[in-house]
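In the numbering used here, the protein residues as written are 63 to 188. Below: one structure, written as structure tokens.
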Amino acid sequence: MAPSTERRQFSRIQFDSPARLNTAADTLDVRIVDISLKGVLVLLPETGTVSDAEQCRLDIPLTDELHIEMTLEAAHRRDQRVGFHCTHIDIESMGHLRRLVELNLGDADILRRELAEMADEGHASS
């Protein structure tokens, strides 16, 4: 792992919301704890499990028609809280996520900087 001075940090926003997590073995109803442009922290149900580095699919309903969908990789775990790194997000979902972060940050300059960092790293994909 890179030293912390080399790691890019992205603003995390509190976002208490239900979501659906599709793992290799199961589909779990989870709660979002917080979210950023690069990942998400979720609370698993008591019986839910996710393996280290497991690839999962997350669906966060914003309204009946609007959803944020992303492919994730489990990065860390503490009890029933699992932190995921986003490995893929489609353009439409990125637009919804960007707006969500923008509304909660209240600072467009921070959002622009974080989006530029993502573009430099090549993480947003269609």
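Every residue, glycine too, gets a C-beta built ideally from N, C-alpha and C.
Given residue i as reference, the closest of the options once Cα atoms are compared
i: S79; options: D152, L106, R175 and T85; result: L106
i: Q117; options: Q142, A86 and R175; result: A86
i: G145; options: R93, L124 and D88; result: R93
i: I122; options: L165, E154 and R82; result: R82
i: H138; options: R161, V112, E108 and R175; result: V112
Beta-carbon proximity list for residue i, same chain, < 7 Å, skipping 5 on both sides
i: A115; result: E135 and A136
i: L124; result: I130 and H158
Proximity of residue i and residue j at Cβ, strictly below 8 Å
i: L167; j: S73; result: yes
i: G101; j: H147; result: yes
i: R143; j: L103; result: yes
i: R26; j: N84; result: Since the first residue of the chain shown is 63 and the last is 188, residue 26 is not available in this structure.
Cβ shell of residue i (< 8 Å), same chain only, five flanking positions each side left out
i: L128; result: H158
Own chain residues within Cβ distance below 6 Å of residue i, not counting five before or after
i: Q76; result: D96
i: I130; result: I122, S155, H158 and L159
Write down every uninterrupted run of the alpha helix (DSSP H) in the segment 131 to 171 whose length is 4 residues or greater and which is fully enclosed by it, in chain order. DSSP assignment within the segment 131 to 171 yields the following whole alpha helix (DSSP H) runs of 4 residues or more, N-terminal first: 153 to 167.
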